[in-house]
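Chemist: Take a look at the following structure, please.
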Amino acid sequence: MLPVSSEEACPSGSTGAPSAGVGTQRDEEAALALYEALRAKGGVPGDGLYPPPDLYSAADLDDAHGGRGWRRLEDLGLVQVRDGVAEAVDPDAALARAMDRYQANATEQLRSGVRLQRITEALLAVYRPAVQRETREVAVEFITEPRTKQRTRLDLSDAARESCSSMHPGPLPPIEILEASLEHDRMLMTRGVKSRAIYPMSCTASPKYARWLHELVDAGVELRLIDHAPFDLLTFDTNAAIMAADPEHPSDGLIVVRGVALMRAFLAVYEDCWLRGQPLTRTAPGGTEDADAVTGQERVIIRLMGSGLSDDQIARKLGVHRRTVQRAIAKLMERLNAGSRFEAGLKLARNAEFAGLFTGM
1490 MLPVSSEEAC PSGSTGAPSA GVGTQRDEEA ALALYEALRA KGGVPGDGLY
1540 PPPDLYSAAD LDDAHGGRGW RRLEDLGLVQ VRDGVAEAVD PDAALARAMD
1590 RYQANATEQL RSGVRLQRIT EALLAVYRPA VQRETREVAV EFITEPRTKQ
1640 RTRLDLSDAA RESCSSMHPG PLPPIEILEA SLEHDRMLMT RGVKSRAIYP
1690 MSCTASPKYA RWLHELVDAG VELRLIDHAP FDLLTFDTNA AIMAADPEHP
1740 SDGLIVVRGV ALMRAFLAVY EDCWLRGQPL TRTAPGGTED ADAVTGQERV
1790 IIRLMGSGLS DDQIARKLGV HRRTVQRAIA KLMERLNAGS RFEAGLKLAR
1840 NAEFAGLFTG M
């Protein structure tokens, strides 16, 4: 191929550098000149310098063009250095070597492709489904229809195989409903399902509820009493939980949670409340309680009052009547000789030892 003129390489008005095609063509011409000179000499000693300096002059090339031409010969495999002598390689031999290299690369690519296929199959067929299974097993359902809520509770308890645990902040439902639930607990325990329950200490203030709590314990239910439970919660094994959608209005709707990934947090909350709870104790016959003693319920009422909750909010959280809350606060004001709730709060803050009676510290 003939070289192009400088005008063709850079047309009139163009300020750009020569195109890559022109440079490649000139490199090819320089490589051909070196190749022909090398073949004519039959080999050129380099004395450790390659390409040999004498070869450039034999090909009538300067160092810049000669260097690019030599690199082109190396790319094509048309030159080799053996025993310190640079020699020309026959084009057919160079082509055969290039084909061998291509075949070796193709074989390695084939092996890499097989490895990639096996990795892809394992990731898509084994590991991705495992993650998707874990995700699919997590489900949250919102239920408002009364019959569906009751049916869901029964279905989950019937499916339980190890444990059913409940936590109730109050207020408690009518005693008739509680007695029916006790029969259901007995059926669960007959199947070998462990039953646990957490109730507020305020339940013991009512004779009928206190009697029912003792019946629970006598039936085999593990029971703990706590000052204040955060929300209604039912757990079934480690697979599902039911809770009120709105703790302030527990009868409005239920949230059903399924899946071990979500259950861990709810089980941890339950276990924390269980550890803080106290077992139910029986009062000795004829026993009397010190009228000046501070009960656990009163401690919780004062603590919630100090948090800024109103009487109605405290009553709802503890499941007691509003008058019970007011009596506890009146008792506090009397002991502190305070004329108002605000004054009682100030006196409590100033007397840490006395405040400890109400905070349980």
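With my numbering applied, the sequence shown closes on residue 1850, and no number is skipped along the way. Heads up, the beta-carbon is just placed ideally off N, CA and C, and yes, glycines get one too. All values reported here derive from a predicted model rather than from experimental measurement.
Apply the 10 Å Cβ neighbour rule to Lys1697 and answer buried if 16 or more other Cβ atoms are within range, or exposed otherwise.
Modeler: Flag for Lys1697 reads exposed.
Chemist: Run through the DSSP bridge pairs and tell me what Ala1743 is partnered with.
Modeler: The residue asked about is misnamed: residue 1743 is Leu in this sequence, not Ala. According to DSSP, which records beta bridges pairwise, Leu1743 is partnered with Ile1632, Ala1733.
Chemist: Quick one: grab the DSSP three-state call for Ala1595.
Modeler: Here Ala1595 sits in helix by DSSP.
Chemist: Would you kindly report the start and end of the unbroken alpha helix (DSSP H) that includes Thr1679?
Modeler: It spans 1664-1679 - the alpha helix (DSSP H) in which Thr1679 sits, taken as one unbroken run.
Chemist: Leaving aside the five residues before and after Phe1720 along the sequence, list all residues of the same chain whose C-beta is less than 7 Å from its C-beta, in chain order.
Modeler: Excluding residues within five positions, the ones whose Cβ falls inside 7 Å are Pro1658, Met1732, Ala1733, Pro1736.
Chemist: Report back the beta-carbon spacing between Leu1723 and Leu1712 to the nearest angstrom; my notes put them in contact at under 8 Å.
Modeler: Wrong, their Cβ atoms sit about 15 Å apart, outside the cutoff.
Chemist: Ends of the alpha helix (DSSP H) at Ala1754?
Modeler: Note, Ala1754: alpha helix (DSSP H), 1749-1765.
Chemist: How far does the alpha helix (DSSP H) with Thr1724 in it reach, from first residue to last?
Modeler: Unbroken run through Thr1724 is the beta strand (DSSP E), 1722-1725; no alpha helix (DSSP H).
Chemist: Below 8 Å on the Cβ atoms is my guess for Val1574 versus Val1615; work out the distance and round it to an integer in Å.
Modeler: About 58 Å separates the two Cβ atoms, so there is no contact after all.
Chemist: Identify every residue that forms a DSSP beta bridge with Cys1653.
Modeler: For Cys1653, which the question treats as bridged, DSSP gives the partners Ser1684, Phe1725.
Chemist: Can you say whether Ala1669 is buried or exposed, counting buried as having 16 or more other CB atoms within 10 angstroms of its CB?
Modeler: Ala1669 is exposed by the Cβ-count criterion.
Chemist: Give the DSSP-derived three-state secondary structure of Val1620 in the structure shown.
Modeler: In this structure, Val1620 counts as helix in the three-state DSSP scheme.
Chemist: Return the CA-CA distance between Ala1547 and Ala1593, expressed in angstroms with no decimal places.
Modeler: For Ala1547 and Ala1593, the distance between alpha carbons rounds to 37 Å.
Chemist: In three-state DSSP terms, what is Leu1712?
Modeler: Three-state result, Leu1712: strand.
Chemist: Is DSSP giving Val1570 helix, strand or coil here?
Modeler: Of the three classes helix, strand and coil, the one that applies to Val1570 here is strand, per DSSP.
Chemist: Rounded to whole angstroms, what is the Cα-Cα separation between Ile1608 and Ser1740?
Modeler: Ile1608 and Ser1740: Cα-Cα distance of roughly 52 Å.
Chemist: What number of angstroms, rounded off, separates the C-alpha of Ser1796 from the C-alpha of Arg1617?
Modeler: Answer to the nearest angstrom: the Cα atoms are 48 Å apart.
Chemist: Buried or exposed, going by whether 16 or more other CB atoms sit within 10 Å of the CB of Glu1787?
Modeler: Flag for Glu1787 reads buried.
Chemist: From what residue to what residue does the alpha helix (DSSP H) around Pro1768 run?
Modeler: Note, Pro1768: premise wrong, no alpha helix (DSSP H); not H, not E.
Chemist: Measuring alpha carbon to alpha carbon, tell me which residue in Glu1517, Gln1767, Val1745, Lys1820 is nearest Arg1642.
Modeler: Selected option, being the one with the closest Cα: Val1745.
Chemist: Indicate the three-state DSSP secondary structure (helix, strand or coil) for Pro1542 in the structure shown.
Modeler: Reduced to three states, the DSSP call for Pro1542 is helix.
Chemist: Measuring alpha carbon to alpha carbon, tell me which residue in Arg1640, His1717, Arg1812, Asn1728 is nearest Leu1743.
Modeler: Ranking Arg1640, His1717, Arg1812, Asn1728 by Cα distance to Leu1743 puts Arg1640 first.
Chemist: For Pro1660, which residues in the same chain have their Cβ closer than 8 Å to its Cβ, ignoring the five residues on either side in sequence?
Modeler: Excluding sequence neighbours, Pro1660 sits near Arg1805, Gly1808, Val1809.
Chemist: Could you have a look at Ala1780 and say whether DSSP puts it in helix, strand or coil?
Modeler: Residue placement at Ala1780 is poorly supported in this model, since its pLDDT is 45, which falls under 50; the coordinates still yield a value, given next. Coil.
Chemist: Does DSSP put Pro1658 in a helix, a strand or coil?
Modeler: In the structure shown, Pro1658 sits in coil (DSSP, three-state: anything other than H, G, I, E or B).
Chemist: Assign Pro1534 to one of three DSSP states: helix, strand, or coil.
Modeler: It is a strand residue.
Chemist: Using only CA atoms, which one of Arg1685, Phe1831, Val1570, Asn1728 lies nearest to Cys1762?
Modeler: Out of Arg1685, Phe1831, Val1570, Asn1728, Arg1685 has the C-alpha closest to the C-alpha of Cys1762.
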